[in-house]
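Take a look at the structure below.
Protein chains: 2
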Amino acid sequence: MANFEVNILGCGSATPSLRHLPACQVVDFRDNLMMIDCGEGAQLGMRRQRLKYSRLSHIFISHLHGDHFFGLPGLLSTLALHGKTGTVTVHIFEQGAEWLKRTMDTFCTDRPYELEYDIIKPEHRVILDTKSLTVETFPLYHRVPAAGFIMREKPKLRHLRGDMAKFYNIPVSLLHGIKEGADYVTPEGTVVANERLTSPADPSHSYAYCSDTIFDERVGGSVRGVETIYHEATYIDADKDKAAARFHSTASQAAMTAREAGARRLILGHYSKSYTDESQHLAEARAIFPDTIAATEGLRVDLTESPAD
Amino acid sequence: MANFEVNILGCGSATPSLRHLPACQVVDFRDNLMMIDCGEGAQLGMRRQRLKYSRLSHIFISHLHGDHFFGLPGLLSTLALHGKTGTVTVHIFEQGAEWLKRTMDTFCTDRPYELEYDIIKPEHRVILDTKSLTVETFPLYHRVPAAGFIMREKPKLRHLRGDMAKFYNIPVSLLHGIKEGADYVTPEGTVVANERLTSPADPSHSYAYCSDTIFDERVGGSVRGVETIYHEATYIDADKDKAAARFHSTASQAAMTAREAGARRLILGHYSKSYTDESQHLAEARAIFPDTIAATEGLRVDLTESPAD
C-alpha cells in the first residue's frame with residue numbers, strides 16, 4: 016500500500032516536560048522511514064511506536080538547537096548496535112554535520128551502515144529527489160538559521176483501463192507510457208486519446224514541517240499548496256509578545272500560515288512547557304483554521320486521508 | 016537530616032528497551048545531588064523523579080560508551096535554560112571532556128552556571144574531597160578504559176552528652192574538639208575521658224558503583240568494606256560466555272564481588288535487553304549474596320538504612 020503518514024515522537028519545546036518530549040517525528044512514506052528532527056529520546060520513541068530502525072534512511076534536522084538534534088549520537092549508535100545496513104543520510108546545517116561526524120568518528124566507529132551527511136541551508140532547494148518523492152528545504156525565521164521541509168509525493172501514474180487495453184490489443188511495451196499520459200496510435204494510424212484508455216491518477220499528497228519559526232508571511236508563501244502542515248505553536252495568544260521575542264509562533268499564527276497556504280490540515284506542536292494542556296492552542300487555531308489537530312506523542316496522521324471534521 | 020540515598024534513573028544496557036533506560040543514577044547526599052553516568056534521557060529522569068536541577072553539582076562518567084554519557088549535552092543545556100547558577104563539575108575521561116567542551120562551547124554558550132571538567136583515569140584516587148564526603152575512582156575492566164566510583168561519608172562527630180557538658184561546665188570553645196574525640200581537662204587538671212562526655216558517632220555510610228566491568232577479583236578488592244554496592248549484572252548464568260566475551264558480568268558474578276567485598280547490600284543493574292524480567296538475575300545473585308535487590312527506574316535506596324531482609 017502506498018502509505019504516507021507522520022508519527023509524532025516528540026512535540027514539546029526546549030526543555031522536556033513530563034508531558035512532552037523534545038522535537039522528533041517520523042514520516043513513513045511507503046514503508047521507508049524519514050525522521051524530522053531528532054531530540055533526545057528519538058531512539059526510544061521509535062521503539063515505543065514500533066518504527067523499525069532497519070527502515071530509517073533519512074534524517075532531516077531543522078536547526079541546531081539541542082532539543083532538535085541531541086538525540087542523533089544515541090540513535091545512530093543504536094542503529095550500529097542493531098546491525099543496520101544500507102545508508103543513513105543526515106541532512107543538517109554545516110556546524111551540526113561537523114559535530115556529528117566528529118562525535119560518531121570518535122565514539123561509534125564500528126558501523127555496519129553508511130552514514131552520509133548532506134549540508135543544508137535556509138533556502139528553497141530540493142535536497143532529495145527519489146522516484147516517487149521530493150523533499151525541499153525552505154527558510155524559517157528563528158534565532159539561528161533554520162529550515163523547514165516539504166515532502167511531496169510525485170504525480171502518480173494514471174490507471175489503465177484493462178478492457179480498453181485489451182480491446183485495442185495495446186503492446187505491453189507501450190503501457191507505461193500510456194499510464195504516464197500518452198495517447199495510443201493504432202497500427203492503422205488512428206489516435207486513441209489517453210482519456211479513453213485511462214482513468215485519473217490517485218492524488219499526490221504533501222506535507223510541510225514548519226518549526227521553529229517566528230510568524231512571517233513568507234512561511235505561508237513557501238508552503239502554499241501543501242496539503243498538511245505541521246507548524247510550531249509554542250504559545251497561545253496571551254503570550255504573543257513572548258512568542259515574538261523568542262522567535263516562536265502562537266497557535267493562531269500557525270493557523271494564519273495554514274490558511275494563507277491554502278492547506279487542508281494543520282497539526283500543531285512544539286508547545287511550551289508552561290501550559291497544562293493544549294486546549295487553548297487548539298481553540299485559538301480552530302477559530303482561524305478549523306481543520307486543526309494538536310500533536311501528541313504517539314499520534315499517527317494518515318497524510319493520504321482528508322481531515323475528519 | 017543527613018540523607019544519603021541513590022535514585023535509579025536508568026538501569027538498562029547499550030540500546031534502550033521499552034523496559035529500561037540507559038545508565039544513570041543520582042546520589043542525594045545531604046540534599047546535594049551527584050549524578051553517576053548520564054545516558055540519554057537523564058534530564059527527563061530527573062524531572063520524573065523530582066530531583067532538582069538546582070541541586071546538581073557533580074556528574075561522574077564511568078566510561079565513554081554512548082549509553083553512559085550521551086545525555087550530557089541535553090542535560091547541561093537544560094540546566095542553562097533553567098537558569099541554574101553555581102558550578103557543575105563533570106568528572107570524565109579526557110576524550111569525553113574534549114568532546115563535551117567542544118559541544119557545549121558550540122551549541123550552549125549562554126550558561127549562567129560554571130561548567131568545569133575534571134579528567135579521571137581508571138586508577139585508585141580521591142577525586143572529590145569535601146567536608147563530609149570523599150569520592151574515589153578505582154579501575155574497572157571493560158572493553159574501553161572504565162572507572163568505578165566509591166562515595167564515602169567521612170567519620171561523623173561523636174554526640175556530646177549535654178548533662179556532662181553542663182556538669183563540668185565545659186567552655187563552648189572546647190565542645191567541637193570533644194565531639195571529635197578529645198578528653199576534657201578541668202581547670203584543676205583532672206582529665207575527664209571522652210567516653211564519659213560523649214556517646215559514639217552515628218555510623219558513616221558508603222556506596223560503590225561498579226559498571227561496566229567483566230568479573231575480576233580486583234573489583235571486589237577495590238570496594239572492600241563498602242556498605243552498598245551497585246554492580247552491573249548484564250547477563251544471567253546461562254549467558255556467562257557472552258558476558259565474558261563482551262567484558263560484562265553476570266548477576267552471580269556481581270554477587271561474588273559483593274561477598275568478596277564484605278558488603279551489606281548489593282543492587283543489580285545494567286540489564287541486557289534480551290530478558291523479559293530480572294527475576295532470574297535476582298535468584299542467581301541471592302543464592303550467593305542474599306541482601307541483593309534489583310534496580311529499576313524510579314527505585315530510591317536509603318543508604319543509611321540496613322537492608323530489609
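Protein chains in written order, with the working numbering: chain Z, 16 to 324; chain D, 16 to 324. Every residue, glycine too, gets a C-beta built ideally from N, C-alpha and C. On a predicted model such as this, the values are computed, not experimentally measured, just so you know.
Opening and closing residue of the alpha helix (DSSP H) in which residue i lies
| i | result |
| --- | --- |
| T118/Z | E109 to F122 |
| L27/D | Reading off the sequence shown, one finds Gly at residue 27/D, where the question assumed Leu. Neither: G27/D is in no alpha helix (DSSP H) and is coded neither H nor E. |
| G101/Z | Neither: G101/Z is in no alpha helix (DSSP H) and is coded neither H nor E. |
| V234/D | E232 to S237 |
| I193/Z | V187 to K194 |
| T272/Z | A266 to A276 |
| L79/D | No alpha helix (DSSP H) holds L79/D; DSSP gives it neither H nor E. |
| S294/D | S294 to I303 |
| A260/D | K255 to A260 |
9 Å Cβ cut-off: residues of chain D touching residue i
| i | result |
| --- | --- |
| A29/Z | S92, T93 and L96 |
| R62/Z | T30, P31, S32 and L33 |
Contact set for residue i: own chain, Cβ-Cβ below 6 Å, skip 5 residues either direction
| i | result |
| --- | --- |
| F230/D | S264 and Q268 |
| D324/D | Caution is warranted here: a pLDDT of 43 is assigned to D324/D, below 50, making its placement in the model unreliable, and no coordinate value can be reported. |
| S147/Z | K169 |
| T319/Z | F19 and H220 |
| Y156/D | T228, I229 and D231 |
| S92/D | C123 |
Partners in chain Z for residue i, counting only beta-carbon separations shorter than 9 Å
| i | result |
| --- | --- |
| G86/D | E55, F85 and G89 |
| Q110/D | T121 and F122 |
| R173/D | Simply none; closest approach about 44 Å. |
Residue i: contacting residues in chain Z (beta-carbon distance under 7 Å)
| i | result |
| --- | --- |
| G81/D | P88, G89, S92, F122 and C123 |
| T118/D | W114 |
Same chain, Cβ closer than 7 Å to residue i, neighbours up to 5 away in sequence not counted
| i | result |
| --- | --- |
| R274/Z | I303 and F304 |
| A17/D | R45 |
| A270/Z | L281, A300, I303, F304 and T307 |
| Y199/Z | Y183, I185, L189, I193, V207 and L212 |
| S214/Z | R173, H174 and R176 |
| T30/Z | K288 |
| G111/D | I76, L79 and F84 |
| T249/D | S28, A258, H263, S264, H285, Y286 and S287 |
Start-to-end residues for the beta strand (DSSP E) that takes in residue i
| i | result |
| --- | --- |
| D52/Z | N47 to C53 |
| Y156/D | L148 to Y156 |
| Q40/D | C39 to F44 |
| Y183/Z | Looking at the DSSP string, Y183/Z is not in any beta strand (DSSP E); the run it does join, the alpha helix (DSSP H), is G177 to Y183. |
| E168/D | P160 to E168 |
| A281/D | Note on residue identity: the sequence assigns Leu, not Ala, to residue 281/D. Unbroken beta strand (DSSP E) run through L281/D: R280 to G284. |
| L71/D | L71 to F75 |
| L318/D | That residue, L318/D, is in no beta strand (DSSP E); it is neither H nor E in DSSP. |
| H246/Z | T243 to E247 |
| S130/Z | The amino acid at residue 130/Z is misidentified as Ser; the sequence shows Leu. Where L130/Z is concerned, the enclosing beta strand (DSSP E) stretches over E129 to I134. |
| A17/Z | It is not in any beta strand (DSSP E) - A17/Z carries neither H nor E in the DSSP assignment. |
| L143/Z | R140 to D144 |
Partners in chain D for residue i, counting only beta-carbon separations shorter than 8 Å
| i | result |
| --- | --- |
| Q58/Z | T30, P31 and E55 |
Beta-carbon contacts of residue i that lie in its chain and below 8 Å, excluding the five residues immediately before and after
| i | result |
| --- | --- |
| S32/Z | K288 |
| R279/Z | E242, T243, D306, S321 and P322 |
| G277/D | R239 and G240 |
| E312/Z | I23, L24, G25, C26, H35, L36 and G60 |
| Y128/Z | L94, A95, K99, T100, G101, T102 and V103 |
beta-carbon residue i near the ligand NAD non-hydrogen atom, thresh 7 Å
| i | result |
| --- | --- |
| T152/D | The ligand NAD is absent from the structure shown, which contains no ligands of any kind. |
Query raised in the report: How about the segment 193-206 of chain D and the segment 230-245 of chain D: do they share at least three Cβ pairs that are nearer than 8 Å?
Result: Flag = no, the segment 193-206 of chain D and the segment 230-245 of chain D do not touch.
Query raised in the report: Should the segment 102-112 of chain Z be regarded as contacting the segment 61-76 of chain Z, the criterion being three or more beta carbon pairs within less than 8 Å?
Result: Taking a cut-off of 8 Å for Cβ pairs, the segment 102-112 of chain Z and the segment 61-76 of chain Z touch, as three or more such pairs fall below it.
Query raised in the report: Given 8 Å as the limit, is there contact between the segment 58-72 of chain Z and the segment 22-31 of chain Z, that is, 3 or more CB pairs closer than that?
Result: yes
Report task. Examine the Cβ distances between the segment 108-120 of chain D and the segment 175-188 of chain D and report whether three or more of them are shorter than 8 Å. Result -> no
Query raised in the report: With a cut-off of 8 Å, do at least 3 Cβ pairs link the segment 138-146 of chain D to the segment 209-229 of chain D?
Result: no
Query raised in the report: Taking three-plus beta-carbon pairs below 8 Å as touching, is the segment 152-168 of chain D in contact with the segment 222-236 of chain D?
Result: Proximity of the segment 152-168 of chain D to the segment 222-236 of chain D meets the contact definition, three or more beta-carbon pairs being nearer than 8 Å.
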